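Quick notes on the structure that follows.
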């Protein structure tokens, strides 16, 4: 290949693809080539039908969301017995069902198809995000903030739903910028079936349409996203006796009424200022500060009555960070994945409003969080 052809292929999406494949390959090689390691951090791969299985306490200490995703894909009928909070886990149905269909029902292929779907969504979303950034006359390389975000790479390595869910959100935004409301709505509802957290993006688009008196668009988005999701929740209640929407898995605390109450409770729960300060090295610069900056700028947008769709997307994601439960703030890997909504919405908004300012360049600092990946 010539230097010119290399430059034509050297893009954030291709860098994301290469880094992801190398990362997955290293993990696979380090664990004897068993692809099930992509669904769990446990060394024993204890399956949910083993005697004495406790979904909250596997012997290897590796219980995480990805194990449940794998269990659902392998056997949906038995998945409820594999989960700590069945309705909450099973509501994220899109990834496991898609992986099972792609694997043609073969349990041996499911770990591979889970990774393939997430990888395709991650790389594709990074490419679309490049296009969105270039539209704002911002360097396409800021797309790496999303493509190589720790939450996305963790989701890829652990077969959780973030790469697919937020990849669909990026596609929704891309269609939204082209006024393709039908396809925007379709991507939003698919994202909701991948991870319910993404409903805040649908809420942002509905409120934006209402603000500008685009009643038809608001109803269109609201119905296409809301009705199927509500019916799915009713089906879960009929099947499992509970709705899926909640603040987390087993022993999760509720959403907070006090702003950043979940973050502040790290101090009150531990009783140690040292613990709080150490945790703050991650939480304050990565979650609290960009949330505050975003809310401040959105207040200015309201005063000036200059509200872009990105303003609403950041508003709802920032509001979620303000009310996030204590049990999410105290668990770094969970926080990194939940933060994907903030990272994406802040990046889009910063490209629109901040352009070449420090507030946009700040986004590259999120890549420092990838040191968590060194844990394997």
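Numbering (our numbering), first residue to last: 126 to 501. Ideal Cβ positions, reconstructed from N, Cα and C, are used throughout, including at glycine. Remember, it's a predicted structure, so these values are computed and weren't measured experimentally.
Between residue i and residue j, what straight-line distance do the alpha-carbon atoms span, to the nearest angstrom?
| i | j | result |
| --- | --- | --- |
| residue 475 | residue 207 | 41 Å |
| residue 492 | residue 270 | 6 Å |
| residue 134 | residue 336 | 41 Å |
| residue 342 | residue 490 | 36 Å |
| residue 403 | residue 495 | 17 Å |
| residue 231 | residue 140 | 31 Å |
| residue 289 | residue 389 | 31 Å |
| residue 304 | residue 395 | 49 Å |
| residue 317 | residue 372 | 15 Å |
| residue 249 | residue 469 | 15 Å |
| residue 298 | residue 200 | 33 Å |
| residue 426 | residue 386 | 26 Å |
| residue 417 | residue 244 | 32 Å |
| residue 451 | residue 239 | 30 Å |
| residue 326 | residue 154 | 38 Å |
| residue 265 | residue 257 | 8 Å |
| residue 447 | residue 363 | 32 Å |
| residue 449 | residue 263 | 31 Å |
| residue 421 | residue 428 | 11 Å |
| residue 184 | residue 499 | In this predicted model, residue 184 has a pLDDT of only 42, less than 50, meaning its place in the structure is not dependable; the value taken from the coordinates is given anyway. Cα to Cα, the separation comes out at about 22 Å. |
| residue 467 | residue 202 | 34 Å |
| residue 180 | residue 315 | Residue placement at residue 180 is poorly supported in this model, since its pLDDT is 47, which falls under 50; the coordinates still yield a value, given next. Distance between the alpha carbons of residue 180 and residue 315 is about 27 Å. |
| residue 430 | residue 338 | 14 Å |
| residue 351 | residue 321 | 11 Å |
| residue 259 | residue 152 | 34 Å |
| residue 367 | residue 482 | 47 Å |
| residue 150 | residue 354 | 36 Å |
If you drop the 5 nearest sequence neighbours on each side, which residues of the same chain put their C-beta closer than 6 Å to that of residue i?
| i | result |
| --- | --- |
| residue 178 | Only weak support exists for where residue 178 lies, its pLDDT of 46 falling under 50; the value from the coordinates is given anyway. Closer than 6 Å at the Cβ level, and outside the excluded window around residue 178, lies no residue. |
| residue 333 | 434, 437 |
| residue 306 | 342, 345 |
| residue 237 | 160 |
| residue 419 | 439, 443, 471 |
| residue 272 | 137, 141, 251 |
| residue 384 | 447 |
| residue 221 | 194, 197, 198 |
Look at residue i and residue j and say whether their C-beta atoms are less than 8 Å apart.
| i | j | result |
| --- | --- | --- |
| residue 432 | residue 329 | no |
| residue 375 | residue 209 | yes |
| residue 268 | residue 287 | no |
| residue 378 | residue 247 | no |
| residue 216 | residue 382 | no |
| residue 497 | residue 282 | no |
| residue 211 | residue 365 | yes |
| residue 459 | residue 213 | no |
| residue 279 | residue 485 | no |
| residue 302 | residue 477 | no |
Quick check on this structure: which residue in the options has the alpha carbon closest to the alpha carbon of residue i?
| i | options | result |
| --- | --- | --- |
| residue 294 | 323, 305, 281, 271 | 323 |
| residue 440 | 406, 451, 473 | 473 |
| residue 277 | 191, 235, 300, 425 | 191 |
| residue 229 | 164, 427, 198 | 198 |
| residue 218 | 273, 408, 422, 319 | 319 |
| residue 471 | 347, 444, 369, 488 | 488 |
| residue 137 | 220, 151, 274, 158 | 274 |
| residue 349 | 331, 143, 412, 361 | 331 |
| residue 401 | 265, 428, 454 | 454 |
| residue 158 | 259, 367, 233 | 233 |
| residue 380 | 409, 407, 445 | 445 |
| residue 309 | 347, 338, 409 | 347 |
For residue i, I'd like the list of residues in its chain whose CB is within less than 7 Å of its CB, leaving aside the five on either flank, ordered along the chain.
| i | result |
| --- | --- |
| residue 156 | 162 |
| residue 398 | 392 |
| residue 464 | 276, 411, 412 |
| residue 235 | 195, 198, 199, 224, 225, 228 |
| residue 253 | 295, 296, 299 |
| residue 176 | Confidence in residue 176 is poor, its pLDDT being 43 and thus under 50, which makes the residue's placement unreliable; the coordinate value appears in the next sentence. Excluding positions up to five away in sequence, the list is empty. |
| residue 479 | 485 |
| residue 423 | 436, 439, 440 |
| residue 360 | none |
| residue 405 | none |
Could you pull out every residue in the same chain whose Cβ sits closer than 8 Å to the Cβ of residue i, ignoring the five residues on either side in sequence?
| i | result |
| --- | --- |
| residue 164 | 191, 192, 194, 195, 236, 239, 283, 284 |
| residue 312 | 293, 294, 296, 297, 300 |
| residue 407 | 457, 460, 494 |
Determine, for residue i, whether the minimum Cβ-Cβ distance to residues of chain C falls below 8 Å.
| i | result |
| --- | --- |
| residue 342 | Looking for chain C here will not work: only one protein chain is present. |
What alpha helix (DSSP H) runs, 4 residues minimum, are completely inside the region 289 to 363?
-> List check, alpha helix (DSSP H) in window: 306 to 319, 324 to 336.
Please list the segments of the alpha helix (DSSP H) lying wholly inside the region 456 to 486, counting only runs of 4 or more residues, in order along the chain.
-> Unbroken alpha helix (DSSP H) stretches of 4 residues or longer found wholly inside the region 456 to 486: 457 to 463, 465 to 478, 483 to 486, given in chain order.
Quick one: complete alpha helix (DSSP H) runs, 4+ long, within the region 188 to 238?
-> Along the region 188 to 238, the alpha helix (DSSP H) occurs as fully enclosed runs of 4 or more residues at 190 to 199, 211 to 215, 219 to 227, listed in sequence order.
Would you list, in sequence order, the uninterrupted alpha helix (DSSP H) runs of no fewer than 4 residues that lie entirely inside the region 368 to 397?
-> Within the region 368 to 397, the runs of alpha helix (DSSP H) at least 4 residues long that lie entirely inside it are, in chain order, 386 to 395.
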